[in-house]
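Peer 1:
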Amino acid sequence: MHTRHTYPRPVREIENMWIPLPDARLAARVWLPEDAESDPVPALLEYLPYRKSDGTTWRDALRAPYYAGHGYAVLRVDMRGSGDSDGVLYDEYTTQEQDDAVAVIAWIAQQPWCSGAGGMMGISWGGFNALQVAARQPPALRAVLAIGFTDDRYADDVHYMGGCVITSQMLSWGSVMLAYNALPPDQRWVGDRWRDMWRDRLENSPPFVEKWLSHQTRDAYWQHGSVGEDYSAIQVPVYAVGGWADSYNNSVPRLLAGLSGPRMGVIGPWAHMYPEMAGPEPAIGFLQESLRWWDKWLKGIDAGDGATGIMDEPFLRCWIQDSVPPATYYAARPGRWVAEPSWPSPHAAERSLYLTSNGAANWLSDQPGTEAALTIRGREGYGFDVGQWGSYGTPGEWPGDQRAADGEALTFDSPPLDAPMDILGYPLVDLALSADRPLALVSARLCDVAPDGASTLVSWGLLNLTHRDSHEFPQPLEPGRRYRVTVQLNVIGHRLAAGHRWRLALSPTYMRHAWPSPEPVTLTVYAGPESRLRLPVRAAQTDDDRLPPFPPAEVAPPPAMETLRTPVTRKHIRHDLIDGLTEFTLDDDNGRRLHVGSGMVVDDHLVERYTVRDGDPLSLKVNIERTIELQRERWRVRVETTSTMTADAANFHLSNHLDAYEGDTRVFTRSWTKLIPRNLV
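Here it is as structure tokens:
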């Protein structure tokens, strides 16, 4: 990755600029050309709750000056109730959040340094709300660049998947926001108001997880902010970006298919990161690529130095990953870029592999065999070693060898391939099945099995079987009754090497990602004509080898940081052979760092524990502890949070606790407890 130090236009940075709203003011960090007031430029907005002054400063410094040096004003705005802005943050993606963004865009367009044209960009929350605000159609918003986003807040976010509560994310992300929302603004910018603003946040910001867990079906709460409800509301051009190691990929091709205006997309091998900073390699020169996007839609410049225009590039470019040995970390993923002119891919054709069994062996076959009833009772500790729900590109996040997990599931293997096979799209699993309990789920994993037996996870999916017909209106199962269901796996691009086999693994448990059914479940799968794996097999195209290469990655210089305590992450799985207790522990010490420019010291430490006992799904307990400290000279504040989630047969039980300190004196403490009825989960 090349660091660029000089730009066509000198850059001025404003560490804090106030944006007035009728009832509040929001804080922005701004980068713009020094001469922007005499030569106005388009503006790029990133709008987040992650603290501009001490949260996103590293990544902002790598990107924002680069855009500014090429003739843009870049604003990193703290949302209401976060960072240095006024107010309280009550939830994600609220109407208030969108209203404020619309007002901010209107204010930006009126500034003397702005040409009147604006774009929104961001990753994760910033990608979500860029699309949500685009659907509100503010006049000055002319284009969007969204990375690591969702168009469906119920189906593809940190709360639910296939109607299952996501064990590893529901409380975890709630605890992140509990701690972040409890942090005060920086007294450098708000002065003596900081204590009153802090007190307001401490007293009034709720644990978000309580609301999320209260909406267990796809109701109006989740439909709000899900742009997939009405793609036609987005009329500006959209550039959609994802990465196979990220958790937000399903939305990229779905959004591109749903929109009707100018749009394009790219999915690389990356984790939840910007493509110019991302791992696994190859990273790409996405700052250069996105400049072409902004130049086209905000400046009317579509080509230069003989280059083609941005809209002459492929509709969707994807990295087809090669078969690799399983590992818990990849610095790079070998493969190749392919291009699709539309979605669904006209180059992919569905191939069915039927689940087949003779009673002694199970396999995948091109031809359906005779029906065979196969049963599996899920182990409660199954699934702790299947990798993180979504990766941030750090060691220990990938699944590693799946052979042990395969051994605890009902598996079906294809014959070894005579020639490589590429898939690109959403693998689907059709199952004829029954369960012995009214509440049950099924997990499905697709693996790449090498000749030596090593098993690499390719994709996976979940389905709460009470949601078999609808996420809005679930219905209990009739024990013993036969049903036909379809499980959609996460979208993927993968090449299965010659000599390798596909493996499909099924289970009624998947502990790290799916909150278990209230009773142990025995699942019966009827192998034969009604049960099959459907693969989106992509035929090679001659144009694949002629794609123009992405430029090498470039960034602006990083900010000065001093490490005062080195970050260390540890992940452990412990199984007690006597009492059957399985424990997964994540100890994530993010270290202690000094932001040299501002003098702010940030200290962050997180511990997550998941425990469950074999044979007792109601024993599952998730406990998360987090400490964040901010310090500048004699000013020092700290928040400590503890969040716990358990369940009995009828209810979920949530507890959250918060302590806040100024210096060593505790200035606030509060506990929340919530009992939430289980709604067929």
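Residues 0 to 680 in numbering that gives the first Met the number 0 are what the sequence shown spells out, letter by letter.
Here a beta-carbon is modelled for each residue, glycine too, at the ideal position from N, C-alpha and C.
Identify, in the order they occur along the chain, each residue of the same chain with its Cβ nearer than 6 Å to the Cβ of Phe667, setting aside the five sequence neighbours on each side.
Peer 2: Leu201 and Ala659
Peer 1: Please classify Lys620: does DSSP put it in a helix, a strand, or coil?
Peer 2: strand
Peer 1: Straight-line CA distance for Ala63 to Trp292?
Peer 2: Take the alpha-carbon of Ala63 and the one of Trp292: they are about 15 Å apart.
Peer 1: What is the DSSP secondary structure of Lys295, counted as helix, strand or coil?
Peer 2: Taken through DSSP and simplified to helix, strand or coil, Lys295 comes out as helix.
Peer 1: Would you verify that the beta carbon of Leu674 is, or is not, closer than 8 Å to some beta carbon of chain C?
Peer 2: The question asks about chain C, but that chain is absent: this structure has only one protein chain.
Peer 1: Once you ignore the five residues that flank Glu33 on each side, which residues in its own chain have a CB closer than 8 Å to its CB?
Peer 2: Arg8, Pro9, Val10 and Arg11
Peer 1: Return the residue from the list Gly173, Arg669, Ile266 and Leu585 that minimises the CA-CA distance to Thr568.
Peer 2: Proximity to Thr568 across Gly173, Arg669, Ile266 and Leu585 peaks at Leu585, based on C-alpha coordinates.
Peer 1: With DSSP as the reference, identify every bridge partner of Leu505, one or two as the case may be.
Peer 2: Leu409 and Ala443
Peer 1: If you follow the alpha helix (DSSP H) that Val132 is part of, which residue opens it and which one closes it?
Peer 2: Following the DSSP letters along the chain, one finds Val132 inside the alpha helix (DSSP H) bounded by residues Trp124 to Ala133.
Peer 1: Hey, quick one: how far does the beta strand (DSSP E) through Thr56 stretch, first residue to last?
Peer 2: It is not in any beta strand (DSSP E) - Thr56 instead sits in the alpha helix (DSSP H) that spans Thr56 to Gly68.
Peer 1: If you scan the stretch 604-663 from start to end, which runs of the alpha helix (DSSP H) of 4 or more residues do you find wholly inside it?
Peer 2: As far as the stretch 604-663 is concerned, it has no whole alpha helix (DSSP H) run of at least 4 residues.
Peer 1: Which one of Leu290, Arg612, Leu20 and Thr149 has the shortest CA to CA distance from Gly70?
Peer 2: Leu290
Peer 1: State the start and end residues of the unbroken beta strand (DSSP E) segment that holds Met263.
Peer 2: Going by DSSP, Met263 is part of the beta strand (DSSP E) stretching over Arg262 to Gly267.
Peer 1: For the beta strand (DSSP E) holding Arg376, just list the boundary residues, first then last.
Peer 2: Ala371 to Arg376
Peer 1: Exposed or buried, which one is Asp191 when buried takes at least 16 other CB atoms within 10 Å?
Peer 2: exposed
Peer 1: Label Ile422 either buried or exposed according to how many other C-beta atoms from any shown protein chain fall within 10 Å of its C-beta, with 16 as the threshold for buried.
Peer 2: Flag for Ile422 reads buried.
Peer 1: In angstroms, rounded to a whole number, what distance separates the CA positions of Ala526 and Trp362?
Peer 2: The alpha-carbon of Ala526 is positioned some 10 Å away from that of Trp362.
Peer 1: Grouping DSSP H, G and I as helix and E and B as strand, with all else coil, what is Arg187?
Peer 2: Reduced to three states, the DSSP call for Arg187 is helix.
Peer 1: With a CB to CB cut of under 8 Å and the five nearest residues on each side skipped, what residues in its chain are close to Glu60?
Peer 2: Checking the displayed sequence, the identity of residue 60 turns out to be Ala instead of Glu. So the list reads Ala555, Pro556, Pro557 and Pro558, once near-sequence residues are dropped.
Peer 1: How far does the beta strand (DSSP E) with Thr465 in it extend, from its first residue to its last?
Peer 2: Neither: Thr465 is in no beta strand (DSSP E) and is coded neither H nor E.
Peer 1: Could you please give the first and the last residue of the uninterrupted alpha helix (DSSP H) stretch that includes Ser250?
Peer 2: Ser250 to Gly257
Peer 1: Beta strand (DSSP E) containing Gln222: first to last residue?
Peer 2: Note, Gln222: premise wrong, no beta strand (DSSP E); alpha helix (DSSP H) at Ala219 to Gln222.
Peer 1: Could you give the DSSP three-state label for Arg494: helix, strand or coil?
Peer 2: In the structure shown, Arg494 adopts extended strand secondary structure according to DSSP, grouped into three states.
Peer 1: Just checking my contact of His271 with Ser246 at CB under 8 Å: how many whole Å lie between their CB atoms?
Peer 2: 7 Å
Peer 1: What is the rounded straight-line gap between the Cα of Thr643 and the Cα of His594?
Peer 2: 32 Å
Peer 1: Decide yes or no for the touch test of the stretch 516-523 against the stretch 366-380: beta carbon pairs closer than 8 Å, at least 3 of them.
Peer 2: yes
Peer 1: With DSSP as the reference, label Ala726 as helix, strand or coil.
Peer 2: Any question about residue 726 goes unanswered here, given that the chain covers just 0 to 680.
Peer 1: Counting beta carbon pairs with one atom in the stretch 349-369 and one in the stretch 530-550, are three or more of them shorter than 8 Å?
Peer 2: yes
Peer 1: At which residues does the alpha helix (DSSP H) containing Gly173 begin and terminate?
Peer 2: Boundaries of the alpha helix (DSSP H) harbouring Gly173: Met169 to Asn180, taken from the DSSP string.
Peer 1: Checking 8 Å against the spacing of the C-beta atoms, do Ser454 and Arg511 come in under that value?
Peer 2: no
Peer 1: Work out the CA separation of Trp318 and Asp543 for me, nearest whole Å.
Peer 2: 11 Å
Peer 1: Can you give the Cα-Cα distance for Asp199 and Gly82, rounded to whole angstroms?
Peer 2: If you draw a straight line from the Cα of Asp199 to the Cα of Gly82, it is about 13 Å long.
Peer 1: Taking all protein chains shown into account, do 16 or more other C-beta atoms lie within 10 angstroms of the C-beta of Pro473, making it buried, or fewer, making it exposed?
Peer 2: buried
Peer 1: Would you say Leu464 and Ala443 are within 8 Å of each other, going by their C-beta atoms?
Peer 2: no
Peer 1: Using the Cβ count rule (16 or more neighbours within 10 Å means buried), how would you classify Ile572?
Peer 2: exposed
Peer 1: Relative to the C-alpha of Asp400, which residue among Asn489, Ala418 and Val448 is closest?
Peer 2: Val448
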